[in-house]
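All remarks here apply to the structure that follows.
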Amino acid sequence: MLGNLINQGRIKSPWVVHFDCGSCNGCDIEVLACLTPIYDIERFGILNIGNPKHADVLLVTGTVNHRNKHVLKNIYDQMPGPKAVIAIGACGCSGGVFREAYNVVGGVDKVIPVDVYVPGCPARPEAIIDGVVAALEKVKTLLGMTA
Amino acid sequence: MLDTLVFVTVLLPFLVAAVLLVLREQNVRKVILVATAGVLALASLAMLRGGAFIMSPAPLYDTLITLGDFVILFVVLFVGIKRKNQIIIWLSVAQIIGLIILDFFMVKEHGNIPAFFADDLSLVMVLIISIVGSLIAVYGIGYMKEHEEHLHLTKSKQPQFFFFIVLFLGAMNGLVLANNLLWMYFFWECTTLCSFMLIGHDDTEIARKNAERALWMNVLGGTAFLFGIILLQKVVGTLSLQEILARGPEFAVAGGAILVPMFLLVFAGMTKAAQAPFQSWLTGAMVAPTPVSALLHSSTMVKAGVYIIVRLAPVYAGTYFSNFVALFGAFVFLATACLAAGQSNGKKILAYSTISNLALIIACAGINTPAAITAAILLILFHAISKALMFLCVGAIEQKIGSRDIEDMRGLFAVMPRTALVAIIGIMTMMLPPFGMLMAKWMAIESAHGQFLLMIMLALGSGVTVLFWCRWAGLMLGTPVAKAKPEAQDITVRAPLYILAGLALVVSFFSPVVYNSLVAPVVKMYYKAAPYALPYGNFDSPVGIFLVYPLFLLLGLGFYFALKQARKVTAAQCSQPYMCGEQQTVDGKPGFLGPLGLHVPVQSGNYYLEQFFGETMLSKWINVIALAVLVIMLFGGAL
Amino acid sequence: MITKIILAILALVAAPLLGALITGVDRRITAWLQSRYGPPILQPIYDVLKLLGKEPMVTNTWQALCAYVYIVGAALSVVLLFTGSDLLLIFFVLTVGAVFLVMGALASPSPYSQIGGQRELLQMLAYEPLLILVFAAIAMVTGSFKVSAVFEQTRPLLYDLPLMYIVLGYALTIKLRKSPFDISASAHAHQELVRGVYTEYSGPFLAMIEIAHWYEVILVLGLCALFWSTSVVGMVVLVAVTYLAEIIVDNVTARLTWRFMLKSAVGMGLVLTLVNMLWLYAQ
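Residue numbers (this note's numbering), protein chains in the order written: chain U, 1 to 147; chain W, 1001 to 1639; chain P, 2001 to 2283.
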């Protein structure tokens, strides 16, 4: 029973931490826009918690380069499981227009496992919220909560 | 039997001290010290079993005491002349003249007054001195060995050191058992001289300077003491403490004539207890080896000061003077707690916290209700145990890490887990329920109930106290490894630490028993009322209730549960601290991965709030205010 | 004795649930004030359930100990309040938890945790004297520090101690870390502090701290209720109005510095206390 309740909680309370991994700030603005009254993601229990140790979902924007890949890895490692990663924007998904640059590693999935890709340049807030919902659906399947 | 016990607790230390002075053999000294400690502890327990008594030794001793008085005074005078210290010279000359007048012209019936008397207050004091003091002496064996190795002394100075340490214990026992105030005066001066010699033990420039300061402040107190008893002889016509306690209140009510000698004696107590504006001698005393500081701060010396104030409390109960004593105590409690909060030097924090706690005891004596006196006696007891423990910990830590700064004790648990844990136990027993110190503080605050000015100062003071203890305890835990290798330690160092930590916990648990058997009788004797009923071992009065056993049970269970949960944590679950993902650990030292891939170790520091708690700025004001209160106390109290 | 045990169990079980609901309402009203829809009322419970299910992670084992001692202290103080024990004793037991929370934070070398711990100490320094003064003032009126003595009063304490109620409110804002005194940690994202004193507690340990926070909310509101002890309706209204005021203050003020907090808490606390005491004497 407690297990069920905890799973309920997991679905209803995804706390996110947002990491700007060398983004142009376009996607970052859109992520923050989700917090504003218009989109109000707190409706779904989503909090931007700002601390990987408290977070369940890692939102990554921007390309990964050689200078910051260890930071991305560290932050991911500091999130206690179960956890999900959402790559946001063209850069986060694949490296975007920078993917061939000498200093760029590529998309987020080159360093850590990514669960959901949210494309767009920049990704719209609706798309980001959709991404979180998709991640939750994935978690639901993993927890065996859907038929 | 009684003769033997008094002999063992008072005279034996003097004799043992003499033996230690000439003895140069290390191992024999160790055996003698441990044996003396054991005998003293047993004798004090036996004395406690025997209960209250009155005793007069042979008249010969009276003469010896008089002789001893003059010897000490001339030694002090000699020190004053040698150091060219005008204050010491004139104060000791004044004392010599005063003593001649008192001894040869005023006191007619020498030997008619019983020299010793003991009630439960004295017996509790003897217990503290003989057990806590002895443990510190034992700790001194291991400590001084390392201390002298560290200093590379060619010729050991340990004989003198232990001479004065053991002498100190005897003098303190004499002081708290004395009935004849002339005897008490002798022991009083003994402790002054001993502390002077011990503070100056290392014979460095600063040690000499601080020892001299301690001497003049305490000689000032001694002078006040002597003139206090001269006036007492004039007013009451006797020097028997028992009689003064019995008849004093009449004089206090009649015309307040007794309040001037009371002021002098309480003033003497305040200098000995290092109250503002005399706090600098005690903070200066930390230059001495740690066992000395531990002894001065916990079981002896400063406790003599508060002992005399609490002892005389029934005489001045209900007077204006008493209110001023309470006010003074509460003020110093707050002021020195603030000073402690501004320090990073561990020993200095302890020193100021000692002064602060002593001031609380004095405030309780000034409040002068049965509940307040109960609080005062319990504070004396619990403070002695916990503070001795803290000092011994800091001493052991200092010898290991080479610093007494609390900033350097960050992550101490990784280096010396056992001492760190004992120190944390010490801190917890200092400030948290259900332990005795906090219970006594609770009594103190509740007995100040209705006096709002006192209440305000006590409230602010206890807030500040939590601040400086809590951060000290917290930073010692800061360590990356959960399981550290226990440190090696001499048995004479480790045993006192463990015994004191055990005592701090166990005596707190049995505080209702302690109250019932030791404190309540003496409070009832002087105040005709016991402040607390003990249903189920809870301190209950109309004013409030303190749950001892339920709290111990519930908090204990909670703590046990917490510990079990903490045990479940495995090494695999340990992660790096959050440093924005830039963390990097090199050789077990956490830090950042800096520019060019360099490792930048983490450095953190406490807030010391210089702006509010800066020592130089604050001390000046505290001294001025304390002095002003003292002056008002003298004139206001005498009126 | 039996009633006391029942009350104690009630306090242990019901208090956190009620505290969770109040916190949920708090978040809802806050959202409403910000023209948002806000999370469900049960959101705090979902949060804690999720945290309980997370993988435990610590920087050292002491933190686990500290988190659990924190909740024990908070729960015990609520039990003591419900069983009509001594006000000062309740306060001291509450301190046990607070001290351990800070110790756990200081046990981690993370700068955010360190600063959070230090600031939490300053918050304690600010609210502790105020609470003792409020309790002392209550004791002045009732003649005892016992909670049970408050309920023997024939008229509400608020008549005698109106200014002390303001002092209590001030202390409680600091204790609950509500804006403008969310200095050591905050429910909202103050990224420069990360999560302050909570930074290094995570998963089930953070859940313990959240539950302890619910206990604290109940304790705090219980203390407020003492000021209208004569009728249940009065208590509920007083508590509701007070909490609403707290929420509004939380939303309309910006965070202040710790210096301002210390100075204003001590200064204003002392002045209001003295005036109220003079008024009490004059009566």
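Where a beta carbon is used, it is the ideal one built from N, C-alpha and C, also for glycine.
Keep in mind it's a predicted model, so treat the numbers as computed, not measured.
Where do the ends of the beta strand (DSSP E) carrying residue i lie?
i: U/Ala-87; result: 84-88
i: W/Tyr-1640; result: The structure shown does not extend to residue 1640 of chain W, since chain W spans only 1001 to 1639, so no value can be given for it.
i: W/Pro-1433; result: Here W/Pro-1433 belongs to no beta strand (DSSP E), and DSSP marks it neither H nor E.
i: W/Phe-1116; result: 1116-1118
i: W/His-1599; result: 1599-1601
Measuring only between beta-carbons, confirm whether residue i sits less than 7 Å from chain U.
i: W/Gly-1581; result: yes
i: W/Tyr-1498; result: no
i: P/Arg-2036; result: yes
i: P/Leu-2272; result: no
i: W/Ser-1575; result: yes
i: P/Val-2194; result: yes
Three-state secondary structure (DSSP) at residue i?
i: W/Phe-1452; result: helix
i: W/Met-1055; result: strand
i: W/Gln-1584; result: strand
i: U/Leu-59; result: strand
i: U/Cys-121; result: coil
i: U/Asp-40; result: coil
i: P/Ile-2090; result: helix
i: U/Ala-147; result: No answer about U/Ala-147 holds up, because its pLDDT of 45 lies below 50 and its placement is not dependable.
i: W/Lys-1108; result: coil
i: U/Val-16; result: strand
i: P/Pro-2040; result: coil
i: W/Gly-1544; result: coil
i: U/Val-111; result: coil
i: P/Leu-2122; result: helix
i: W/Ala-1488; result: coil
Of all Cβ atoms in chain W, is any one closer than 7 Å to the Cβ of residue i?
i: P/Val-2197; result: no
i: U/Lys-83; result: no
Alpha helix (DSSP H) containing residue i: first to last residue?
i: W/Gln-1086; result: 1086-1100
i: P/Gly-2169; result: 2162-2175
i: W/Leu-1551; result: 1549-1568
i: W/Lys-1400; result: 1370-1401
i: W/Lys-1589; result: That residue, W/Lys-1589, is in no alpha helix (DSSP H); its beta strand (DSSP E) goes 1589-1593.
i: W/Val-1022; result: 1012-1022
i: W/Val-1236; result: No alpha helix (DSSP H) contains W/Val-1236, which DSSP labels as neither H nor E.
For residue i, which residues from the same chain have a beta carbon less than 6 Å from its beta carbon, with the 5 sequence-adjacent residues on both sides left out?
i: W/Phe-1278; result: Met-1217 and Thr-1271
i: P/Val-2266; result: none
i: U/Ala-147; result: The pLDDT assigned to U/Ala-147 is 45, lower than 50, so where the model puts this residue is not dependable, and the model offers no usable value.
i: P/Leu-2007; result: Phe-2082 and Thr-2083
i: W/Asn-1323; result: none
Within the 7 Å Cβ cut-off, does residue i reach chain P?
i: W/Pro-1013; result: no
i: U/His-70; result: no
i: W/Trp-1442; result: yes
i: U/Ile-112; result: no
i: W/Ile-1054; result: no
i: U/Ala-147; result: Model confidence at U/Ala-147 stands at a pLDDT of 45, short of 50, so the residue's coordinates are unreliable; what they give is reported in the following sentence. It does not: the Cβ of U/Ala-147 has no partner Cβ on chain P nearer than 7 Å.
i: W/Gly-1474; result: yes
i: W/Val-1287; result: no
i: W/Met-1455; result: yes
i: W/Glu-1610; result: no
i: U/Lys-138; result: no
Just to confirm, is the Cβ distance from residue i to residue j under 7 Å?
i: P/Ser-2202; j: U/His-18; result: no
i: W/Gly-1591; j: W/Val-1600; result: yes
i: P/Ala-2064; j: P/Tyr-2127; result: no
i: P/Ala-2207; j: P/Gly-2196; result: no
i: W/Ile-950; j: W/Ala-1335; result: This structure leaves residue 950 of chain W out entirely; chain W is present only between 1001 and 1639.
i: U/Asp-130; j: P/Arg-2036; result: no
i: U/Asp-56; j: U/Lys-83; result: yes
Just to confirm my understanding: we take residue i, look at its own chain, exclude 5 residues before and 5 after, and list those with CB closer than 8 Å. What are they?
i: U/Lys-12; result: Phe-44 and Gly-45
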